[in-house]
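Protein chains in written order, with our numbering: chain A, -8 to 129; chain B, -8 to 129; chain C, -8 to 129.
Contents: one structure, followed by commentary.
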C-alpha cells in the first residue's frame, strides 16, 4: 500500500470565497503515483469547507445568499461563540457545506462525474489556512 | 490490496425521489470479494445525493417538505443559476443531504447499524444519472 | 493491509448533547498500530451524528439554537414520521451535522488541524447507541 500526503495553503483576502482546487488536487494525485485507491481532501480548519459542486458563478452567488439566510453573519451578538470572536456564522456555514470529500481513484485518475469540481470554501478568511490531501492505494 | 468499481444507473421519472439502493450496493460488495476495507458510494452528479437514513415513508415525506422549506424550487428566478437552468434548488438540496457515504467493510459485510439504509436522492430527475461504488481492501 | 474495528457505546441522559470523543478515537488508533491510512468514524444510528468542529461551549449552544430553528423538535405533529415516534427532528438535525468523518492517519497520528476535535452528536438520547471506528492502512 502506498500513501501520500500534502497540505494546500490558502490566504483569502475576503471573508468568504469559493476556489476551484481541482487542478491542485489533480497535481497531488499525479505526484503520488497511486492508480487505484481513495483520496481524502479536507479542510484542516473549522470555519472552512471542502465540497464538490458546479463551477458556475451564478450558483456560487446563490450559495452565498442561501448560506447568509440559513446562518447570517450579523448581528454578531446573536451567537454566544462571538464573545472574543465574530465567526460563529462561519462554523455553521461550513457545517452546511461539509468538511471533506472522498474521491475514488481509478486507473490513475480522480473518478469524478462530468460536472464534479472540488472547491475550497472559505467562511472566515483574511488569514492563512490549510487543506489536507491524503491518498492511499497502489 | 484489492479494488472494485461499479456505476449504478438511474433514470427517475419525477423531479425528486428517494430510492433505497442498499441491495445494489450489497451486490457490488459480494462481486468484489473484499472482506475488510472501506466502501465509498457517491453521486456522480451535483444535483443528486447518496445518504444514509431510515427507510420510512413518513420520514421521506418530511424530508421533501423540509428541503422545500430550506431551499425552495420556485420561484425559479430567485436563483442566479437559473438563467438557462431551473435546478439551482437541486444543488442546494443535495448540499444539505450530502454527496457521499463511507461504509466500513467487516468480515465481508457492510458494517451498518440496525436501521441504516443507503439512499439515492434525486433532486433534478427525468434524465439518466449515475452513482459510483468504489471498494478498496482485502 | 491492516484493519481495525471498534464500537464506542454511549447512553446519553438528555435528548440532545455533544460529546468530545477525540480521546476515545485516539485510543482506537493506538490500539490498531496503524501508522499510515484512513480512519472512518460514523454514527451507527440515524438520529445521531459524528462531526468535527470546535470544542467551545458557546458554539455548542449556538448549534443547539440553530438546529432547533432549522428543524424544530415541536410540535411533534408537524412531521409525518411522528406517528408512533417523536424523533423526526432528530433525523433532520443529524442530516445537517453529518453521519461520519474521515481522518487521515499520518506517522501513527490523526492528521487534524489545530482546532479540529471529533464529536458525537446525540439528537434522540436516553437510550444506548453506538459509534463505529474503522481504520485501514499499514
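The beta-carbon is built from N, C-alpha and C at its ideal position, and this holds for glycine as well.
All values reported here derive from a predicted model rather than from experimental measurement.
Which listed residue (the options) has its alpha carbon closest to that of residue i
i              : options                       : result
residue 3(A)   : 45(A), 119(A), 34(A)          : 119(A)
residue 20(C)  : -6(C), 67(C), 115(C)          : -6(C)
residue 56(B)  : 124(C), 127(C), 72(C)         : 72(C)
residue 83(B)  : 98(A), 77(A), 49(A)           : 49(A)
residue 77(B)  : 98(B), 128(B), 38(B)          : 38(B)
residue 5(B)   : 25(B), 81(B), 102(B)          : 81(B)
residue 46(C)  : 124(A), 79(A), 25(A)          : 79(A)
residue 12(A)  : 91(A), 86(A), 98(A), 97(A)    : 91(A)
residue 41(B)  : 129(B), 106(B), 89(B), 121(B) : 89(B)
residue 106(A) : 94(B), 100(B), 98(B), 121(B)  : 121(B)
residue 52(B)  : 69(C), 58(C), 43(C)           : 69(C)
residue 33(B)  : 10(A), 61(A), 95(A)           : 95(A)
residue -8(A)  : 17(B), 28(B), 1(B)            : 28(B)
residue 17(C)  : 1(C), 100(C), 86(C), 117(C)   : 100(C)
residue 44(C)  : 104(A), 126(A), 85(A)         : 85(A)
residue 36(B)  : -2(B), 128(B), 75(B)          : -2(B)
residue 24(B)  : 98(B), 59(B), 60(B)           : 98(B)
residue 0(A)   : 117(A), 75(A), 102(A), 128(A) : 117(A)
residue 93(A)  : 61(C), 30(C), 124(C)          : 30(C)
residue 104(C) : 7(A), 124(A), 103(A), 14(A)   : 124(A)
residue 59(A)  : 26(A), 14(A), 7(A), 127(A)    : 7(A)
residue 9(A)   : 22(A), 54(A), 15(A)           : 54(A)
residue 102(C) : 61(C), 26(C), 15(C), 22(C)    : 26(C)
residue 87(A)  : 61(B), 74(B), 75(B)           : 61(B)
residue 127(C) : 22(C), 14(C), 15(C)           : 22(C)
Boundaries of the beta strand (DSSP E) in which residue i is found, first to last residue
i              : result
residue 81(A)  : Looking at the DSSP string, residue 81(A) is not in any beta strand (DSSP E); the run it does join, the alpha helix (DSSP H), is 79 to 88.
residue 70(A)  : First-last for residue 70(A): undefined, no H or E at that position.
residue 96(C)  : 91 to 97
residue -4(B)  : -7 to 2
residue 121(C) : 119 to 128
residue 113(A) : 108 to 113
Interface partners of residue i on chain C, CB under 8 Å
i              : result
residue 95(B)  : -4, 31, 33, 123, 125
residue 112(B) : Those do not exist, as residue 112(B) stays about 11 Å from chain C at its closest Cβ, beyond 8 Å.
residue 27(B)  : -8, -6, 127
First and last residue of the uninterrupted alpha helix (DSSP H) at residue i
i             : result
residue 49(B) : 48 to 61
Neighbour list for residue i in chain C, Cβ cutoff strictly below 7 Å
i              : result
residue 45(B)  : 37, 82
residue 17(B)  : Going along chain C, no residue has its Cβ under 7 Å from residue 17(B), so there is no contact; the nearest lies around 17 Å.
residue 104(B) : 35, 36, 121
Contact set between residue i and chain C, taken where Cβ atoms lie within less than 9 Å
i             : result
residue 92(B) : 33, 90, 91
Contact set between residue i and chain B, taken where Cβ atoms lie within less than 9 Å
i              : result
residue 87(C)  : 87
residue 128(A) : -8, -6, 127
residue 24(A)  : None at all; the shortest Cβ gap to chain B is about 14 Å.
Chain-ordered neighbours of residue i on chain A, where CB pairs are closer than 8 Å
i             : result
residue 61(B) : 61
residue 57(C) : 62, 83
Contacts that residue i makes with chain A (C-beta to C-beta distance below 7 Å)
i              : result
residue 101(B) : Going along chain A, no residue has its Cβ under 7 Å from residue 101(B), so there is no contact; the nearest lies around 16 Å.
residue 71(B)  : 49, 52, 53
residue 64(C)  : Those within 7 Å of residue 64(C) in chain A number zero; the least Cβ separation is about 18 Å.
residue 4(C)   : What residue 4(C) touches in chain A: nothing, since even the nearest Cβ is about 23 Å away.
Contact list for residue i against chain A, beta-carbon separation under 9 Å
i              : result
residue 116(B) : Chain A residues near residue 116(B): none, gap ~15 Å exceeds 9 Å.
residue 74(B)  : 49
Any chain E beta carbon closer than 8 Å to residue i
i              : result
residue 124(C) : Here the protein chains are A, B and C, and chain E is not one of them.
*asked:* Which runs of the alpha helix (DSSP H) at least 4 residues long sit entirely within the region 9 to 45 of chain A? Give them in chain order.
replied: As summarised for the region 9 to 45 of chain A, the continuous alpha helix (DSSP H) elements at least 4 residues long and confined to that stretch are 13 to 23, given in chain order.
*Between the region 104 to 118 of chain C and the region 56 to 71 of chain B, do three or more beta carbon pairs fall short of 8 Å?*
no
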